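Engineer: From first to last, the protein sequence lines are chains B, W, H and R. So in my numbering, spot 104 of the first sequence is number 104, and the numbers just go up one at a time. Every number in my numbering is 211 more than the matching position in the second sequence, counting from 1. Every number in my numbering is 422 more than the matching position in the third sequence, counting from 1. Every number in my numbering is 633 more than the matching position in the fourth sequence, counting from 1.
4 protein chains.
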Amino acid sequence: MKFEQNRAEERHGRILDAALKVFARKGYRDSSVDDIAGQSATSKGGVYFHFPGKQAIFLALMDRAASRLLDRVEAVIAQESAPVARAEAALHVVLRTFARHRALARLFLIEAYGAGREFHARLMEFHELFIGVIRRHLDDAVAAGVIEPVDTELAGRIWFGALNEIITYWLLTGRPGPLEDSYASLRPLLFRSVGADMPPPRGAAGAKGTP
Amino acid sequence: MKFEQNRAEERHGRILDAALKVFARKGYRDSSVDDIAGQSATSKGGVYFHFPGKQAIFLALMDRAASRLLDRVEAVIAQESAPVARAEAALHVVLRTFARHRALARLFLIEAYGAGREFHARLMEFHELFIGVIRRHLDDAVAAGVIEPVDTELAGRIWFGALNEIITYWLLTGRPGPLEDSYASLRPLLFRSVGADMPPPRGAAGAKGTP
Amino acid sequence: MKFEQNRAEERHGRILDAALKVFARKGYRDSSVDDIAGQSATSKGGVYFHFPGKQAIFLALMDRAASRLLDRVEAVIAQESAPVARAEAALHVVLRTFARHRALARLFLIEAYGAGREFHARLMEFHELFIGVIRRHLDDAVAAGVIEPVDTELAGRIWFGALNEIITYWLLTGRPGPLEDSYASLRPLLFRSVGADMPPPRGAAGAKGTP
Amino acid sequence: MKFEQNRAEERHGRILDAALKVFARKGYRDSSVDDIAGQSATSKGGVYFHFPGKQAIFLALMDRAASRLLDRVEAVIAQESAPVARAEAALHVVLRTFARHRALARLFLIEAYGAGREFHARLMEFHELFIGVIRRHLDDAVAAGVIEPVDTELAGRIWFGALNEIITYWLLTGRPGPLEDSYASLRPLLFRSVGADMPPPRGAAGAKGTP
DNA sequence: GATGAATGAGCATTCATTCAT
DNA sequence: AATGAATGAATGCTCATTCAT
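#1: Considering only the beta carbon of each residue, do valine 133 of chain B and isoleucine 77 of chain B sit closer than 9 Å?
#2: Determine the chain B residues that contact aspartate 362 of chain W at a beta-carbon separation under 7 Å, and present them in chain order.
#3: In terms of residue numbering, what span does the alpha helix (DSSP H) encompassing glutamine 712 of chain R cover?
#4: With 9 Å set as the bound, which would you pick, yes or no: does the beta-carbon of phenylalanine 741 of chain R sit closer than that to a beta-carbon of chain H?
#5: Counting Cβ pairs closer than 8 Å, one from the stretch 759–777 of chain R and one from the stretch 681–693 of chain R, do we hit at least three?
#6: Whole angstroms is fine: what's the gap from asparagine 375 of chain W's alpha carbon to glycine 238 of chain W's?
#7: Looking only at C-alpha atoms, which of B/Leu59, B/Ala41, B/Asp35, B/His120 sits nearest to glutamate 10 of chain B?
#8: Could you name each continuous beta strand (DSSP E) segment of 3 residues or more that falls completely within the stretch 156–207 of chain B, going from the start of the chain to the end?
#9: With a 10 Å radius around its C-beta and 16 neighbouring C-beta atoms as the bar for buried, classify arginine 508 of chain H as buried or exposed.
#10: Going by alpha carbons, who is nearest to glycine 406 of chain W out of W/Val295, W/Leu281, W/Glu391?
#11: How about phenylalanine 234 of chain W and arginine 313 of chain W: are their beta carbons less than 9 Å apart?
#12: Just to confirm, is the Cβ distance from methionine 335 of chain W to tyrosine 169 of chain B under 9 Å?
#13: Identify, in the order they occur along the chain, each residue of the same chain with its Cβ nearer than 7 Å to the Cβ of valine 93 of chain B, setting aside the five sequence neighbours on each side.
#14: Helix, strand or coil for threonine 228 of chain B? Go by DSSP, reduced to three states.
#15: Quick check on DSSP: helix, strand or coil for arginine 640 of chain R?
#16: With 9 Å set as the bound, which would you pick, yes or no: does the beta-carbon of tyrosine 746 of chain R sit closer than that to a beta-carbon of chain H?
#17: For valine 33 of chain B, which residues in the same chain have their Cβ closer than 7 Å to its Cβ, ignoring the five residues on either side in sequence?
#18: Since arginine 539 of chain H is in the alpha helix (DSSP H), which residue starts that stretch and which ends it?
#19: Are the C-beta atoms of glycine 256 of chain W and some chain B residue less than 9 Å apart?
#20: Shortest alpha-carbon distance to arginine 755 of chain R belongs to which of R/Ala698, R/Asp668, R/Ala651, R/Glu721?
#21: So which of H/Ile458, H/Arg490, H/Leu491 has the shortest CA-CA distance to isoleucine 479 of chain H?
#22: Between the Cα of phenylalanine 160 of chain B and the Cα atoms of B/Pro149, B/Leu171, B/Phe130, which residue gives the shortest distance?
#23: Using the Cα positions of aspartate 391 of chain W and arginine 225 of chain W, report the straight-line distance between them to the nearest angstrom.
#24: Over what stretch of residues does the alpha helix (DSSP H) that includes leucine 526 of chain H continue unbroken?
#25: Verify whether the separation of the beta carbon atoms of aspartate 573 of chain H and serine 826 of chain R is less than 9 Å.
#26: Return the residue from the list W/Ala271, W/Ala293, W/Ala301, W/Gln290 that minimises the CA-CA distance to leucine 281 of chain W.
#27: Pull out every residue of the stretch 742–776 of chain R whose Cβ sits closer than 9 Å to any Cβ of chain H, in chain order.
#28: Can you pull the chain R neighbours of aspartate 603 of chain H, defined as C-beta to C-beta under 7 Å?
#29: Restricting to Cα atoms, I'd like to know which of W/Phe260, W/Thr384, W/Leu401, W/Leu270 is closest to phenylalanine 319 of chain W.
#30: Compute the beta-carbon to beta-carbon distance between leucine 365 of chain W and serine 182 of chain B, rounded to the nearest angstrom, for a pair I have assumed lies under 8 Å.
#31: Using beta carbons (cut-off 9 Å, strictly below), is aspartate 439 of chain H in contact with chain R?
#32: What residues from chain W crowd round threonine 42 of chain B, counting only those whose CB sits closer than 7 Å?
#33: Please name the residue in R/Phe759, R/Arg768, R/Leu823, R/Gly778 whose C-alpha comes closest to that of glycine 578 of chain H.
#34: What is the rounded straight-line gap between the Cα of lysine 232 of chain W and the Cα of phenylalanine 260 of chain W?
#35: Give me, in chain order, the residues of the same chain whose beta-carbon lies closer than 6 Å to that of histidine 12 of chain B; leave out the 5 immediate sequence neighbours on both sides.
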């Protein structure tokens, strides 16, 4: 029975993997359940056994992806100690992950809009989740006196929106070639926006220059 | 003949107006040409007489809207003299216009993504157009020594992306109630991002110079 | 008024010419009245002024073509004196005319079938008309004792059907390259079918060799 | 699984049967897929599950019919020994089959022309197939010295074309009442066309040899 | 007479979903 | 659990025909 459960879970996951590929390639509306069934080496009936419908697949896919992404964010944040660095880290992981997984990026930045009314609320929840992370650490920074008091929710939203535009543009036009190159220029602008001193670049881990 | 031409143009415009309403209400994919025909008090055949197809309607709609919006932007910019104020003005008009015309906002911020691959390139062109306006005036500001040298293209993109996120969130959740309220908090963050001093708020222009 | 009448007739003919081109190129069902209007440098409304509808155009076209073809047949027959030669001449003109006017051939051999029930009766009338011509001269030949008594109606139909198949095959496959080449081989077979001696080839006009 | 396969094949065949009826009654262009679905007691979707489209149905129908007809031809030919009798048999089966199955006749002699460009090539292939059968046996007859050397391909085409015209005329006008009556008059004309002696009528085979 | 805008019925095709096996 | 056959509603688009100007 444990065995069967695993098999079911594996199938479940396989369908989501297939859906991600298909949705990213053809877009939500132009993907058919048959496409997903084909890509996941299952039958249409099989897909409907594991999911109640096409919408549910997309929703489950967003949930799984968002939760994995948040986990990664939390993991990276845990390695930073300075509040601003933590906020920054959150942003950077998202950029890096999307740069490495275009399909994922398409899902959140493009397809979720086109999938229809039903997904918008959920998408906004995800935005809030990520913005909330940024915001929390900016709040810490304010509390610690590292940055001036600002509307941290709005600041988080700005950071997030800026990132979105950059990644979306990259997704749809291919520019700039290596997405991560944007980050070096992006950093100072965002930091300045909340009146933070430029901390050493991420990864330099505070080891440099402190006597 | 002049008369007939006007009649044709009027119908053309009426169809676009109807399409805007319908697309904003039901989304591009869930809107049928019949819906548009009904809303514009025309027959389906009439719609197809004026437009080659559904996609063309959406495209024409985006073009018309973007061109009107750009005109408004240019008009407002012309009333400002300081470069940073001009860049800011561009942003502000967009915010105000979208706040007053939710349907328009939906079109550009939501539906254009869901309408399919064919529209993405065009949408990005519009982004570039607006970002280009901001950028040009930031360049002027740099040249005038008003702000420090920054990657103005990226700065423009950040401003634009931040605005997008704010408006999108408002569109989909209704928060904050009056969208324009965001502007007051947004301003200092964006200005700081490019290292600009806070100019007096827009519209306070007449107050300048009073001791 | 005579002038206007001529203008109208000219337009009428121009539309038929255009229709012939269009029908031959795209087939009756895939040709639109717009296509015909375009090809005849008229407006759709103009076409409908001269003809009550698409069917009527096709019918008028068939009538005009058949009548011209019959005229040509009669003219050529008048130049022959031997009854069998006359029957043969009828066949030969049709072959030659269709070989030189593919569009015409398409009209009668292909499109008339696809145009729908309404045209079938008329098409069969045309078949009968041509077969009647052949038959009449075969009857003369029988009466003159030149050929044995045969079912001349059937013989006419056979001659006509054979010709049809040959031309149709040529129309749709392009073989044989020069359609008229078939004629030399066709002649003896058809003549033998009615038990006629092989007369000298048409065009040799009895002048050759007879002392 | 064998069972399901049968069920699928049965449905497949049922749809073709329905299509034959519908196409023969209304013509290819005036038949809708809905008509076929209705006639086959299936849903439109069901039809599309078994066939990729309307054209494919027509094509499959032609293929099935032609293959069945060819089988019948071969079977009848096998019962004759004389080459000319075999060629004749081929012709006769076609006449008889079409006389008994008007729908089939309509399909090949009328609708295939009206169905559009796409079908013409296939139709000509069928013509060639049947003509090839006749031709082969005429070749045998020539080789056996039974008939004089003639262009057997052309002779086959003539026989076939003659038959076509006769059947087509019967289909569209109803004359002669019993189509098969034509055959008795047709035989001598065709035989003579290739210079063959009149063999005893088909079916009289058992009478052969009685002094 | 001529034009072209407008109409509206018709149709092939797609696809999410259901269900018998 | 899984399959694939079946359903039926939905929709973009075409086009013969009409008619106001």
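For glycine and all other residues, C-beta sits at the position ideal for the given N, C-alpha and C. All values derive from a computational prediction rather than experimental measurement.
Structural biologist: Checking against the coordinates, here is how it stands:
#1: yes
#2: Ser185
#3: Where glutamine 712 of chain R is concerned, there is no enclosing alpha helix (DSSP H), given that its DSSP letter is neither H nor E.
#4: no
#5: no
#6: 18 Å
#7: B/Ala41
#8: none
#9: buried
#10: W/Val295
#11: no
#12: yes
#13: Arg72, Val73, Val76
#14: In the structure displayed, chain B extends from 1 to 211; residue 228 of chain B sits before or after that span and is not available.
#15: helix
#16: yes
#17: Lys44, Val47, Lys54
#18: 539–565
#19: no
#20: R/Ala698
#21: H/Ile458
#22: B/Phe130
#23: Here residue 391 of chain W turns out to be glutamate, not aspartate, going by the sequence shown. Using only the alpha carbons, I get a separation of about 29 Å.
#24: 524–528
#25: no
#26: W/Ala301
#27: Leu742, Ile743, Glu744, Ala745, Tyr746, Gly747, Ala748, Gly749, Arg750, His753, Ala754, Leu756, Met757, His760, Glu761, Ile764
#28: Result: empty, since nearest Cβ-Cβ is about 11 Å, beyond 7 Å.
#29: W/Leu270
#30: 7 Å
#31: no
#32: Under the 7 Å cutoff, chain W gives no residues; its nearest Cβ is about 26 Å from threonine 42 of chain B.
#33: R/Leu823
#34: 20 Å
#35: His50
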